[in-house]
Ligand code: GRF
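Structure below.
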């Protein structure tokens, strides 16, 4: 199966997904495209270094016209013939129209224990709430934001004195474990929830 990965920044999750596929001849997935809405995304260089095709569709020229942006964004994904799309640090909200083209074959990683803390600033919100556990979730993408069927979760402790940055760094380590594990199972048709602790 071919996998397109959408990024907006450093792409550390993308790197772990790409490396998990390139380093395992038995892996059911092969990376076919890394696509960013940001020409300056550091992940683009990391993808190119790994021999993975890259593309950029900058969202800014489209202003508030999400549909027009997405009509361009979908082209390199279709041209690459991606079977599965992984959102990995992709920071644009996608409309139902875009998501519906990839029903049942689009994944996202979100830095919270969904259904808690959908949306942004998840680490600060977990600290604010006084949670003693936090973590990340991989889910299927459906038209409702951060809402699709859960495929995997990894937990971390919240420690006294944690800042949002401390928590984000602890969660990111688990994202890099969780996403590759979930993707390999997902491509093999195993959709049962994976829990890493
Ligand atoms: C990180 O905050 C991560 O929690 C979230 O997206 C952000 C950037 O990740 N998934 P990446 O390094 O670009 O994969």
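In the UniProt record's numbering, the protein residues as written are 5 to 201.
Ideal Cβ positions, reconstructed from N, Cα and C, are used throughout, including at glycine.
These numbers come from a predicted model, not from an experiment.
Distance, residue j Cα to residue i Cα
{"i": "residue 179", "j": "residue 16", "result": "9 Å"}
{"i": "residue 150", "j": "residue 163", "result": "26 Å"}
{"i": "residue 160", "j": "residue 31", "result": "27 Å"}
{"i": "residue 147", "j": "residue 101", "result": "8 Å"}
{"i": "residue 134", "j": "residue 128", "result": "10 Å"}
{"i": "residue 90", "j": "residue 48", "result": "15 Å"}
{"i": "residue 201", "j": "residue 175", "result": "11 Å"}
{"i": "residue 193", "j": "residue 65", "result": "38 Å"}
{"i": "residue 23", "j": "residue 67", "result": "34 Å"}
{"i": "residue 53", "j": "residue 170", "result": "29 Å"}
{"i": "residue 2", "j": "residue 5", "result": "Past the boundaries of the shown model lies residue 2; the chain is included only from 5 to 201, so the question cannot be answered."}
{"i": "residue 143", "j": "residue 188", "result": "14 Å"}
{"i": "residue 46", "j": "residue 18", "result": "11 Å"}
{"i": "residue 39", "j": "residue 72", "result": "17 Å"}
Residues bridged to residue i (per DSSP)
{"i": "residue 105", "result": "Residue 105 pairs with nothing; no bridge assigned."}
{"i": "residue 139", "result": "159"}
{"i": "residue 114", "result": "141"}
{"i": "residue 154", "result": "143"}
Buried versus exposed call for residue i [16 or more other C-beta atoms within 10 Å across all chains shown]
{"i": "residue 114", "result": "buried"}
{"i": "residue 99", "result": "exposed"}
{"i": "residue 27", "result": "exposed"}
{"i": "residue 197", "result": "exposed"}
{"i": "residue 50", "result": "buried"}
{"i": "residue 108", "result": "exposed"}
Terminal residues of the beta strand (DSSP E) in which residue i lies
{"i": "residue 95", "result": "No beta strand (DSSP E) contains residue 95, which DSSP labels as neither H nor E."}
{"i": "residue 40", "result": "34–40"}
{"i": "residue 4", "result": "The chain is shown from 5 up to 201; residue 4 falls before or after that span and cannot be answered."}
{"i": "residue 60", "result": "58–60"}
Where the alpha helix (DSSP H) through residue i begins and ends
{"i": "residue 8", "result": "Taken as a continuous stretch (DSSP letters only), residue 8 belongs to no alpha helix (DSSP H), being part of the beta strand (DSSP E) at 6–11."}
{"i": "residue 49", "result": "46–53"}
{"i": "residue 70", "result": "70–83"}
{"i": "residue 176", "result": "168–191"}
{"i": "residue 17", "result": "16–26"}
{"i": "residue 131", "result": "126–132"}
Distance between beta carbons of residue j and residue i, contact taken as under 8 Å
{"i": "residue 145", "j": "residue 88", "result": "The pair is not a contact, with the Cβ atoms about 11 Å apart (cut-off 8 Å)."}
{"i": "residue 110", "j": "residue 12", "result": "About 16 Å separates the two Cβ atoms, so there is no contact after all."}
{"i": "residue 124", "j": "residue 141", "result": "Rounded, the Cβ-Cβ distance is 15 Å, inconsistent with contact."}
{"i": "residue 158", "j": "residue 182", "result": "4 Å"}
{"i": "residue 37", "j": "residue 84", "result": "4 Å"}
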